[in-house]
Amino acid sequence: RYLKWLEDRVSAGDVVTEVSGAEKLFQFRKQQDLFVSPSFETISSVGSNAAIIHYRPASGDNRQITANDIYLLDSGAQYWDGTTDVTRTVHFGQPTAKQIECFTLVLKGHLALRYAVFPNTITGHQIDSWARSHLWQAGLDYKHGTGHGVGCFLNVHEGPHGIGTRPVPAKLKAGSIISNEPGYYEDGEFGIRIENLCYLHEVETKYSMASTKFLGVDDLTMVPIQSKLVDVQLLTDKELDAFNKYHSEVLKRVGPLVEDDAALYDWLKCACQ
Numbered sequence: 113r114y115l116k117w118l119e120d121r122v123s124a125g126d127v128v129t130e131v132s133g134a135e136k137l138f139q140f141r142k143q144q145d146l147f148v149s150p151s152f153e154t155i156s157s158v159g160s161n162a163a164i165i166h167y168r169p170a171s172g173d174n175r176q177i178t179a180n181d182i183y184l185l186d187s188g189a190q191y192w193d194g195t196t197d198v199t200r201t202v203h204f205g206q207p208t209a210k211q212i213e214c215f216t217l218v219l220k221g222h223l224a225l226r227y228a229v230f231p232n233t234i235t236g237h238q239i240d241s242w243a244r245s246h247l248w249q250a251g252l253d254y255k256h257g258t259g260h261g262v263g264c265f266l267n268v269h270e271g272p273h274g275i276g277t278r279p280v281p282a283k284l285k286a287g288s289i290i291s292n293e294p295g296y297y298e299d300g301e302f303g304i305r306i307e308n309l310c311y312l313h314e315v316e317t318k319y320s321m322a323s324t325k326f327l328g329v330d331d332l333t334m335v336p337i338q339s340k341l342v343d344v345q346l347l348t349d350k351e352l353d354a355f356n357k358y359h360s361e362v363l364k365r366v367g368p369l370v371e372d373d374a375a376l377y378d379w380l381k382c383a384c385q
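First residue of the sequence shown? That's 113 in our numbering, and the numbers climb one at a time after it.
As structure tokens, this is what we get:
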């Protein structure tokens with residue numbers, strides 16, 4: 113709802129700033145059933161501010177959200193039945209070729225983790241490189257962890273498990289919730305991050321080992337990823353199929369919740385194409 117509202121306001125030339133945008137998002141969330149509070153202070157960041165990984169608009173220059181720059185939104189909420197944390201990066205105008213390339217490389221890393229299968233004997237440190245490898249091949253990287261645990265109406269960053277370059281002793285276990293959030297940040301220019309919360313579960317594999325179970329990853333977060341920022345020529349057939357399947361699932365799950373609002377449902381359908 114917020115992303116549609118924001119796109120409409122920017123297209124109309126209305127003034128929406130990092131701070132007023134975050135406040136509008138809060139107002140939308142307050143209307144939801146079981147809402148209690150934000151799970152952390154919203155990161156609402158435009159252009160070069162988005163390159164500041166933990167930017168807070170209240171302490172920055174409170175830029176206007178326009179069609180000229182990338183907009184990165186990292187936000188979440190506490191509900192009586194759970195905790196959310198989601199990041200989306202969008203551009204309401206024409207992104208540059210480099211922005212599209214970098215976004216696509218981040219997406220490839222995001223998909224690599226989403227479709228990973230791994231033994232339940234490893235830690236997140238051992239799969240962190242899967243999210244970074246496409247960026248590394250282009251000489252790029254990001255300076256934050258790839259994933260963190262999330263509590264249920266508890267801490268939005270909750271251990272002991274995680275995915276990152278820093279080794280942690282806790283193994284990844286079935287039933288755990290973890291974020292999947294690779295990114296890229298070009299100082300003074302723009303920032304990109306794609307974050308979903310995911311559920312780890314046991315999967316069936318072709319072969320089996322008596323002492324080891326294997327885990328897979330399912331998305332819990334259902335929010336469209338802006339296709340304008342994706343260069344499909346950089347995606348493999350498998351990655352493109354995964355990207356399309358995700359959006360089919362978003363429409364399947366979220367569509368019935370908003371179909372009473374025709375304009376919002378049409379926007380969702382378009383965003384999921």
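Beta carbons: idealized from backbone N, C-alpha and C, even for Gly.
Starting from residue i and walking both ways along the beta strand (DSSP E), at which residues does that stretch end?
| i | result |
| --- | --- |
| Asp207 | Correcting the residue identity first, residue 207 is Pro in this sequence and not Asp. Looking at the DSSP string, Pro207 is not in any beta strand (DSSP E), and its letter there is neither H nor E. |
| Phe147 | 147 to 150 |
| Glu298 | 295 to 298 |
| Phe326 | 326 to 331 |
| Arg305 | 302 to 305 |
| Val158 | 155 to 158 |
| Asn174 | Careful: Asn174 lies outside any beta strand (DSSP E) and carries neither H nor E. |
| Ser291 | 289 to 292 |
Do the CB positions of residue i and residue j come within less than 7 Å of each other?
| i | j | result |
| --- | --- | --- |
| Lys295 | Val342 | Reading off the sequence, residue 295 comes out as Gly, not Lys. Cβ atoms of Gly295 and Val342: not closer than 7 Å. |
| Ile337 | Cys310 | no |
| Asn232 | Gly259 | no |
| Val280 | Phe152 | no |
| Leu137 | Tyr114 | yes |
| Val122 | Phe215 | no |
| Ile65 | Asp186 | Because the chain spans 113 through 385 in this model, residue 65 falls outside it and cannot be assessed. |
| Leu266 | Ser288 | no |
| Glu316 | Ala286 | no |
| Gly125 | Ile177 | no |
| Tyr191 | Phe147 | yes |
| Val131 | Thr195 | no |
| Asp366 | Met334 | The sequence given here places Val at residue 366; Asp does not occur at that position. Yes, the pair counts as a contact, with Cβ atoms nearer than the cut-off. |
| Val344 | Leu332 | no |
| Ala163 | Asp372 | no |
| Thr324 | Lys283 | no |
| Thr129 | Asn161 | no |
| Asp240 | Thr277 | yes |
So residue i is in the alpha helix (DSSP H); what residue range does that whole segment cover?
| i | result |
| --- | --- |
| Ala309 | The sequence shown places Leu at residue 309, rather than the Ala named in the question. Not the alpha helix (DSSP H): Leu309 falls in the beta strand (DSSP E), residues 308 to 314. |
| Glu371 | That residue, Glu371, is in no alpha helix (DSSP H); it is neither H nor E in DSSP. |
| Asp120 | 114 to 123 |
| Leu137 | 130 to 142 |
If you count every other CB in all the chains shown that lies within 10 Å of the CB of residue i, and 16 or more means buried, which is it?
| i | result |
| --- | --- |
| Arg141 | buried |
| Ala383 | buried |
| Val127 | exposed |
| Tyr227 | exposed |
| Ile105 | Nothing can be reported for residue 105: it is not among the residues displayed for the chain, which extend from 113 to 385. |
| Asn180 | exposed |
| Pro272 | exposed |
| Gln211 | buried |
| Ser157 | buried |
| Pro368 | exposed |
- [ ] Tell me, please, whether the segment 195 to 215 touches the segment 302 to 314 by the rule of three or more beta-carbon pairs shorter than 8 Å.
- [x] In the pairwise beta carbon analysis, the segment 195 to 215 is classified as touching the segment 302 to 314: at least three pairs are separated by under 8 Å.
Task: the segment 242 to 249 contacting the segment 211 to 226, beta-carbon criterion three pairs below 8 Å - done: yes
TODO: Run through the segment 178 to 258 for me and flag every whole beta strand (DSSP E) of 3 or more residues, listed as ranges in chain order.
DONE: 182 to 187, 189 to 191, 198 to 203
TODO: Taking 8 Å as the threshold, find out whether the segment 374 to 381 comes into contact with the segment 250 to 265 through three or more Cβ pairs.
DONE: With a cut-off of 8 Å, the segment 250 to 265 and the segment 374 to 381 do not count as touching, because too few Cβ pairs lie within range.
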